[in-house]
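Okay, structure first, notes after.
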Amino acid sequence: MKITLASHDCYCYTGGRRPEPGRPTAVFVHGAGHDHSVWTLQTRYFASHGWNVIAPDLPGHGASAGPALASIGELADWLLDLLAALDATDVTLIGHSMGSLIALQAAATAPARIARLALVGSVVPMPVAAPLLDSTLSNRDAAHAMINQWSYTTASRLGASSVPGLNLTALNERLMQRQAAGVLHRDMAACNAWSGGFDAAARVACPVLLLASAQDRMTPPKAMAPLAGAFTGGATVSRVILPDAGHAMMAEAPGAVLDALWQFARSPARTAQDSA
Amino acid sequence: MPIHRNAGADTLALHAGQTPDPVHHSRATPIHFTTSYVFESSDHAAALFNQERAGHVYSRISNPTNAVLEERIAALDGGVGAIACASGQAALMLAITTLMGSGGHIVASRSLYGGSHNLLAYTLPRFGIETTFVPPRDHDAWRAAIRPETRLLFGEALGNPGLEILDTPAVAAIAHAAGVPLLVDATLVTPALQCPLDLGADLVMHSATKFLGGHGVAIGGLLVDGGSFDWEAAGGRFPTLTEAYDGFHGMDFAEESPIAAFLLRARREGLRDFGACLSPMNAFQILQGVETLGLRMARHVDNARALVAHLAAHPLVESVAWPELDSHPDHAIAGRLLPQGCGGVFSFSLKGGRSAGSTFIEALRLFSHLANVGDAKSLAIHPASTTHFRMTPEALRAAGITEGTIRLSTGLENAADLIEDLDRGLHAVHKATSR
Chain A
462 MKITLASHDC YCYTGGRRPE PGRPTAVFVH GAGHDHSVWT LQTRYFASHG
512 WNVIAPDLPG HGASAGPALA SIGELADWLL DLLAALDATD VTLIGHSMGS
562 LIALQAAATA PARIARLALV GSVVPMPVAA PLLDSTLSNR DAAHAMINQW
612 SYTTASRLGA SSVPGLNLTA LNERLMQRQA AGVLHRDMAA CNAWSGGFDA
662 AARVACPVLL LASAQDRMTP PKAMAPLAGA FTGGATVSRV ILPDAGHAMM
712 AEAPGAVLDA LWQFARSPAR TAQDSA
Chain B
435 MPIHRNAGAD TLALHAGQTP DPVHHSRATP IHFTTSYVFE SSDHAAALFN
485 QERAGHVYSR ISNPTNAVLE ERIAALDGGV GAIACASGQA ALMLAITTLM
535 GSGGHIVASR SLYGGSHNLL AYTLPRFGIE TTFVPPRDHD AWRAAIRPET
585 RLLFGEALGN PGLEILDTPA VAAIAHAAGV PLLVDATLVT PALQCPLDLG
635 ADLVMHSATK FLGGHGVAIG GLLVDGGSFD WEAAGGRFPT LTEAYDGFHG
685 MDFAEESPIA AFLLRARREG LRDFGACLSP MNAFQILQGV ETLGLRMARH
735 VDNARALVAH LAAHPLVESV AWPELDSHPD HAIAGRLLPQ GCGGVFSFSL
785 KGGRSAGSTF IEALRLFSHL ANVGDAKSLA IHPASTTHFR MTPEALRAAG
835 ITEGTIRLST GLENAADLIE DLDRGLHAVH KATSR
């Protein structure tokens with residue numbers, strides 16, 4: 462579905478079903494250089510099980526127009542504007558990598574509007590290695606190769622796939638190639654520059670899921686500890702670590718990611734309004 | 435832009451797509467001889483059918499052994515995925531029917547495998563799909579043949595029977611300027627010698643029956659998607675990929691996956707409805723061949739070079755069609771597009787016409803006289819007395835062959851033994867013509 466937001470076309474994948482009033486909403490936010498399609502398998506399940514699904518292409522990504530926004534704060538504000546425009550209620554906000562930072566900031570900015578927060582492949586801060594950040598500007602092809610090297614398990618990099626017949630790293634490379642020039646660099650620079658993670662976590666009031674993968678070399682599980690300890694505002698935090706996946710866990714372990722998200726999404730929510 | 439390979443070709447040929455199974459730890463790829471797969475629950479079943487979870491439902495649509503082959507070839511070719519089919523012909527048919535229906539038009543090289551030519555020239559017109567054939571080297575002809583209803587350009591990496599080398603970068607540019615994809619049949623080159631996706635092609639097909647298997651025991655085909663073609667940007671030319679499909683949950687495949695839309699539709703419609711799936715036994719056998727692909731193709735090329743050198747110098751041989759020879763029209767681009775060699779298949783023409791061809795073939799003892807290529811064993815055929823038997827000399831010339839043309843598929847035997855066998859045939863021709 463396409464809507465106009467801030468004078469630009471915004472595309473939102475809805476899991477193959479039209480949203481209906483009165484349903485809870487699962488919002489899936491993609492990461493750097495990606496679009497909604499990284500969430501295909503998870504979104505379709507939610508949509509066919511009584512949820513409204515919103516998986517936007519962020520500005521300048523995929524089928525959404527407009528310039529890519531330069532900071533996590535701007536992206537979080539844009540996401541909240543989108544949720545308001547769609548009148549989304551009972552929102553479970555799910556973000557991957559850069560999308561997790563956007564989701565975290567959005568949940569901190571508007572705690573009353575977010576019922577649950579799932580951060581997938583997330584660490585705070587999220588520094589980007591200088592060779593990668595430089596390559597996003599000077600040599601995108603090299604940047605794509607580095608991202609694949611650090612995001613996928615050895616088996617996936619040797620062509621094994623959770624989805625029969627697909628070559629997952631090639632799929633990811635083509636998806637990143639499809640994005641406009643400059644988008645990946647702007648995304649990575651936004652992740653690298655964002656310093657508000659711990660403050661944001663302290664303002665989150667809803668239940669939080671930290672979903673990580675044991676073989677993730679982009680956002681390794683052991684680096685998740687500072688973020689897990691930063692939710693000091695009353696949020697309950699649960700952690701799940703998947704054994705057989707890397708940073709691209711939605712593609713490598715789509716069923717396990719779905720199971721973790723689905724279990725979390727059906728757990729009791731608590732918002733700032735509840736606690737007030 | 436070529437896809438980055440995560441390992442060398444020989445490594446991918448051995449490992450891509452397969453990790454030892456977690457239950458029995460078998461190192462070799464297991465043969466999953468099963469038609470269907472047990473659901474964990476009703477919800478799991480529904481999720482598999484609605485493409486909410488990854489997995490196998492029914493072996494006509496996907497099978498774990500076939501998936502290893504698909505993922506291995508996709509990794510080698512630099513594609514985002516592949517689909518294993520019952521044959522190379524099935525792979526070609528799957529590509530075409532995924533992209534177009536009645537009213538569609540194809541521009542194809544006229545130097546094609548006979549089976550492909552039959553499909554395009556005689557069979558598909560019955561279903562409303564027309565093809566215009568063009569000389570593969572004539573770029574203006576490719577351009578001029580494109581119509582508003584054209585949905586595909588198609589050629590062979592190495593053409594049949596004259597070994598015309600498709601200038602894939604140039605033809606891909608022509609296709610993309612017209613907003614249509616280029617499909618390349620890479621059967622004779624295999625990923626060991628050329629990956630057309632790296633050169634700009636959008637789709638690749640293989641008859642795995644030939645060099646990929648290499649043993650001549652299993653028929654199979656593969657269709658590989660480079661994931662490079664932007665279906666949404668093609669101005670509505672591909673509604674099968676960019677509009678909701680009532681036959682599968684109203685899915686808009688390009689919305690579902692902007693990159694893998696073609697593969698989604700091909701599997702969810704083409705394999706499901708037309709049913710030209712590969713047997714897992716055949717997939718296993720082809721995988722055994724793929725494991726040694728690099729080693730074998732190098733030997734095929736070496737042997738072909740030795741035989742070409744011998745034949746080109748023989749007084750009874752009129753000509754040899756082999757792109758590595760200065761005399762071949764594509765010699766200049768052979769080094770650029772096929773730097774590791776021009777494969778194991780080539781043709782040569784005997785002096786003495788049709789009878790010389792028959793005499794030569796019948797005298798061979800090591801070469802097998804049959805209608806196939808790409809076996810580990812050397813093969814030979816005389817088109818004028820077999821595949822092209824009904825054609826006049828004029829029609830043969832138009833097809834790029836003569837009455838004395840012999841096609842050889844060079845195997846893996848010792849080159850000296852193959853040369854001795856060729857000399858046996860040439861000696862028979864000499865005796866027959868000097869009577």
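Protein sequences, first through last, are from chains A and B.
Take the position in the first sequence, starting the count at 1, then add 461; the result is the number in my numbering.
Take the position in the second sequence, starting the count at 1, then add 434; the result is the number in my numbering.
Heads up, the beta-carbon is just placed ideally off N, CA and C, and yes, glycines get one too.
>> To test your reading of the DSSP string, which unbroken beta strand (DSSP E) runs of 3 or more residues are found completely within the stretch 488-564 of chain A?
In response: 513-517, 552-557
>> Here's the rule I'm using: 16 or more other beta-carbon atoms within 10 Å means buried, otherwise exposed. How should Phe-692(A) be labelled?
In response: With 16 or more other CB atoms across the displayed protein chains lying within 10 angstroms of its CB, Phe-692(A) is buried.
> Using a Cβ-Cβ distance under 8 Å, would Ile-853(B) count as near chain A?
Replying inline: No - not a single Cβ of chain A is within 8 Å of the one on Ile-853(B).
> Which first and last residues belong to the alpha helix (DSSP H) in which Gly-658(A) is found?
Replying inline: 658-664
> If the cut is a Cβ gap below 8 Å, which residues of chain B does Asn-609(A) touch?
Replying inline: Result: His-438, Asn-440.
>> Buried or exposed for Phe-823(B), going by 16 or more other Cβ atoms inside 10 Å?
In response: exposed
> What distance in whole Å lies between the Cβ atoms of Gly-451(B) and Ala-518(B), which are believed to be in contact at a cut-off of 8 Å?
Replying inline: Between Ala-518(B) and Gly-451(B) the beta-carbon gap is near 11 Å, outside 8 Å, which marks them as no contact.
> Counting along the chain, where does the beta strand (DSSP E) carrying Arg-577(A) start and finish?
Replying inline: 575-581
> Looking at Leu-600(B) and Thr-624(B), is the spacing between their C-beta atoms short of 8 Å?
Replying inline: Cβ atoms of Thr-624(B) and Leu-600(B): not closer than 8 Å.
> Looking at the structure shown, is Lys-463(A) part of a helix, part of a strand, or coil, going by DSSP?
Replying inline: strand
> Between the beta-carbon of Phe-780(B) and the beta-carbon of Ala-738(B), is there less than 8 Å?
Replying inline: yes
>> On the DSSP bridge list, what partners appear for Ala-542(B)?
In response: Phe-567(B), Phe-588(B)
>> Taking the alpha carbon of Gly-660(B) as the reference point, which residue from Ile-815(B), Ile-507(B), Ala-862(B), Gly-838(B) has its own alpha carbon closest?
In response: The shortest C-alpha to C-alpha distance from Gly-660(B) to any of Ile-815(B), Ile-507(B), Ala-862(B), Gly-838(B) is the one to Ile-507(B).
>> Report the CB separation of Ser-599(A) from Met-607(A) in whole angstroms; it is logged as a contact under 8 Å.
In response: Contact flag wrong, Cβ pair sits at about 12 Å.
> Using 8 Å as the threshold, is the stretch 508-521 of chain A in touch with the stretch 477-489 of chain A, meaning 3 or more CB pairs across them?
Replying inline: Output reads yes: the stretch 477-489 of chain A touches the stretch 508-521 of chain A.
>> Would Ala-746(B) pass as an interface residue toward chain A - the criterion being a Cβ-Cβ separation below 8 Å?
In response: no
> From the DSSP output, which residues share a beta bridge with Tyr-679(B)?
Replying inline: Met-685(B)
>> Taking beta-carbon pairs under 8 Å, can you tell me which members of the stretch 627-652 of chain A lie near chain B?
In response: For the stretch 627-652 of chain A, which is checked against every Cβ of chain B, the residues closer than 8 Å are Leu-627, Asn-628, Thr-630, Ala-631, Leu-632, Glu-634, Arg-635, Leu-636, Gln-638, Arg-639.
> Can you name the residues of chain B whose CB is closer than 9 Å to the CB of Asp-470(A)?
Replying inline: Residues of chain B passing the Cβ test: none, with the nearest at roughly 13 Å.
>> Going by C-alpha to C-alpha distance, which of Gly-534(A), Ala-642(A), Thr-614(A) sits closest to Ser-656(A)?
In response: Gly-534(A)
> With respect to the beta strand (DSSP E) encompassing Glu-752(B), which residues constitute its N-terminal and C-terminal limits?
Replying inline: 751-755
> Considering Ser-674(A), what are the terminal residues of the beta strand (DSSP E) in which it resides?
Replying inline: 669-674
> When the distance is taken between beta carbons, is Asp-764(B) closer than 8 Å to Gly-650(B)?
Replying inline: Their beta carbons are not under 8 Å apart, which means Gly-650(B) does not touch Asp-764(B) by this criterion.
> If you run the structure through DSSP and keep just helix, strand and coil, what is Gln-734(A)?
Replying inline: Summary for Gln-734(A): the model assigns pLDDT 48, below 50, so the residue's position carries little reliability, and this model does not support an answer.
>> Helix, strand or coil for Tyr-472(A)? Go by DSSP, reduced to three states.
In response: strand
> By how many angstroms is the C-alpha of Pro-714(B) removed from the C-alpha of Ile-555(A)?
Replying inline: 39 Å
>> Rounding to the nearest angstrom, what Cα-Cα distance links Ala-689(A) and Asp-636(B) in this structure?
In response: 45 Å
> Roughly how many whole angstroms lie between the Cα atoms of Ala-866(B) and Gly-787(B)?
Replying inline: 12 Å
> Quick one: Cα of Cys-629(B) to Cα of Ser-622(A), how far?
Replying inline: 21 Å
>> Beta-carbon within less than 7 Å of Arg-581(B)'s beta-carbon, same chain only, minus the 5 sequence neighbours each way: which residues are those?
In response: His-539
> Is the stretch 459-467 of chain B touching the stretch 675-692 of chain B, taking contact as three or more C-beta pairs under 8 Å?
Replying inline: no
>> Quick check: the Cα distance between Ala-684(A) and Phe-687(B), rounded to an integer number of angstroms?
In response: 37 Å
> Among Cys-652(A), Thr-630(A), Gly-658(A), Leu-670(A), which residue has its Cα nearest to the Cα of Glu-505(B)?
Replying inline: Thr-630(A)
> In the DSSP assignment, what residue or residues form a beta bridge with Ile-702(A)?
Replying inline: Ala-673(A)
> If we ignore side chains and look at the alpha-carbon of each, how far apart do Gly-523(A) and Glu-666(B) end up?
Replying inline: 11 Å
> If you run the structure through DSSP and keep just helix, strand and coil, what is Tyr-471(B)?
Replying inline: DSSP places Tyr-471(B) in coil when its eight states are reduced to three.
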